[in-house]
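A.B. asks: What follows is a structure written as structure tokens; I'll ask about it next.
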Amino acid sequence: MARNLIVILGDQLSPSLTALGHADRNRDTVLMVEVGEETAYVKHHKKKIAFIFSAMRHFASELRSDGWTVDYVTFSDKANTHSFTGELTRAVARENPAGVLLTEPGEWRVREMFEAWAAQTELPVQILNDDRFLCSPQEFAGWAEGRKQLRMEYFYRHMRRKTGLLMDGDAPCGGKWNFDAENRKPATADLFMPKPLRFSPDDITRSVLDLVGASFADHFGDLEPFWFAVTAHDAKAAMEHF
Numbered sequence: 001m002a003r004n005l006i007v008i009l010g011d012q013l014s015p016s017l018t019a020l021g022h023a024d025r026n027r028d029t030v031l032m033v034e035v036g037e038e039t040a041y042v043k044h045h046k047k048k049i050a051f052i053f054s055a056m057r058h059f060a061s062e063l064r065s066d067g068w069t070v071d072y073v074t075f076s077d078k079a080n081t082h083s084f085t086g087e088l089t090r091a092v093a094r095e096n097p098a099g100v101l102l103t104e105p106g107e108w109r110v111r112e113m114f115e116a117w118a119a120q121t122e123l124p125v126q127i128l129n130d131d132r133f134l135c136s137p138q139e140f141a142g143w144a145e146g147r148k149q150l151r152m153e154y155f156y157r158h159m160r161r162k163t164g165l166l167m168d169g170d171a172p173c174g175g176k177w178n179f180d181a182e183n184r185k186p187a188t189a190d191l192f193m194p195k196p197l198r199f200s201p202d203d204i205t206r207s208v209l210d211l212v213g214a215s216f217a218d219h220f221g222d223l224e225p226f227w228f229a230v231t232a233h234d235a236k237a238a239m240e241h242f
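Listed below in structure tokens is the structure:
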């Protein structure tokens, strides 16, 4: 029996995630699922699906190496219900946890799914704040309150003032808040464009590419070439290269 079932979503692949910070690797079980629900609400590019699945599988492997117990449901699992809530229900039956813990989903659509599921279960479900963001939903609600119009540009300026990012004292770096007009112009012929750092797919990624090629033939885009960073280590290397 797990003390808690720790749910980690495909865009939450961080060892510093709040759900992991509140968990006990010796007593809790991490749940990660590849579900058709997340690939079908709109048709995603094949590379995007492969990128997410590969990153998830690599992260699960890293967690196991770090001593975590991971309950991982692959897309091709014949028992896969292909919905978050369906897989939560199956995992609860397998693991018999005392509670469910997750970091706040990045989409309202997904949060509403979990809230609807939580309302139907007798298990305690705790949704923790996601501290990877510079602004919490509560802070944004406070900023938005009373405004007749919600414009990204003004929120963007608010956050730059708050954080000091891209600021020169009280003024924006470069003397302007944005360079949208300049950025809409075509690039000049002599613009230097360095090549991105490329990574060869390993066995995990190759397996995912085969899966996506077979299961998502009706989705748009090409799978090859696929050279993206699918681990934190490679992503940091790509960032330093950039």
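Following the numbering used here, the numbering of the sequence shown begins with 1 at its first residue and continues without gaps.
Backbone N, C-alpha and C fix where the C-beta goes; we use that ideal spot for every residue, glycine too.
1) Measure how close the beta-carbons of leucine 191 and proline 201 come, nearest whole angstrom, since I'm counting them as under 8 angstroms.
2) Would you call the region 86-97 and the region 62-76 touching, i.e. three or more CB-CB distances under 8 angstroms?
3) Could you check whether the Cβ of phenylalanine 220 sits closer than 7 angstroms to any heavy atom belonging to the ligand HEM?
4) I'd like to confirm the pairing. Which residues does DSSP put opposite alanine 171 in its beta bridges?
5) Could you work out which residue in Asn4, Pro15, Arg57 and Asp66 is closest to arginine 132 when comparing CA atoms only?
6) Between which two residues does the beta strand (DSSP E) containing leucine 31 stretch?
7) Which of the three DSSP states is assigned to asparagine 243 in this structure?
8) Indicate the three-state DSSP secondary structure (helix, strand or coil) for valine 92 in the structure shown.
9) Relative to the alpha-carbon of glutamate 104, which residue among Ile127, Met113, Gly86 and Trp117 has its alpha-carbon at the smallest distance?
10) Thinking methionine 45 and histidine 219 are a contact (beta carbons under 8 angstroms), I'd like their distance in whole angstroms, please.
11) Grab me the residues of valine 33's own chain with a C-beta within less than 6 angstroms of its C-beta, minus the 5 sequence neighbours each way, in chain order.
12) Mapping DSSP to helix, strand and coil, what is leucine 223?
13) Would you call the region 42-61 in contact with the region 5-19, where contact means no fewer than 3 C-beta pairs closer than 8 angstroms?
14) Using C-beta distances below 6 angstroms, list every residue in its chain close to glycine 36, excluding the 5 sequence neighbours before and after it, in chain order.
15) Over what stretch of residues does the beta strand (DSSP E) that includes glutamine 126 continue unbroken?
16) Determine the direct distance from the alpha carbon of glutamate 112 to that of serine 136, and round the result to whole angstroms.
17) Considering just the uninterrupted stretch of the alpha helix (DSSP H) at tyrosine 154, what are its terminal residues?
18) By the three-class DSSP mapping on this structure, what secondary structure does threonine 18 have?
C.D. replies: According to the structure shown:
1) No, leucine 191 and proline 201 are not in contact; Cβ-Cβ is about 30 angstroms, not under 8 angstroms.
2) Yes: at least three Cβ pairs fall under 8 angstroms.
3) Although the ligand HEM was asked about, the structure shown includes no ligands whatsoever.
4) Alanine 171 pairs with Asp168.
5) A check of alpha carbon separations from arginine 132 across Asn4, Pro15, Arg57 and Asp66 identifies Pro15 as the nearest.
6) Membership of leucine 31 in the beta strand (DSSP E) is indicated by the continuous run 29-33.
7) Since the first residue of the chain shown is 1 and the last is 242, residue 243 is not available in this structure.
8) Three-state result, valine 92: helix.
9) Here the closest residue by C-alpha is Ile127.
10) First, the amino acid is wrong: residue 45 is histidine here, not methionine. Right, their Cβ atoms sit about 7 angstroms apart.
11) Excluding sequence neighbours, valine 33 sits near Val73 and Glu87.
12) In the structure shown, the three-state DSSP call for leucine 223 is coil.
13) The way I'd put it, the region 42-61 does touch the region 5-19; three or more beta-carbon pairs between them come closer than 8 angstroms.
14) Taking glycine 36 as the centre and dropping the five residues before and after it, the same chain places the C-beta of His82 closer than 6 angstroms to its C-beta, in chain order.
15) Element bounds for glutamine 126: 125-128.
16) Spanning the two alpha carbons is a distance of roughly 17 angstroms.
17) Taken as a continuous stretch (DSSP letters only), the alpha helix (DSSP H) holding tyrosine 154 covers 152-163.
18) Threonine 18: helix per DSSP, three-state reduction.
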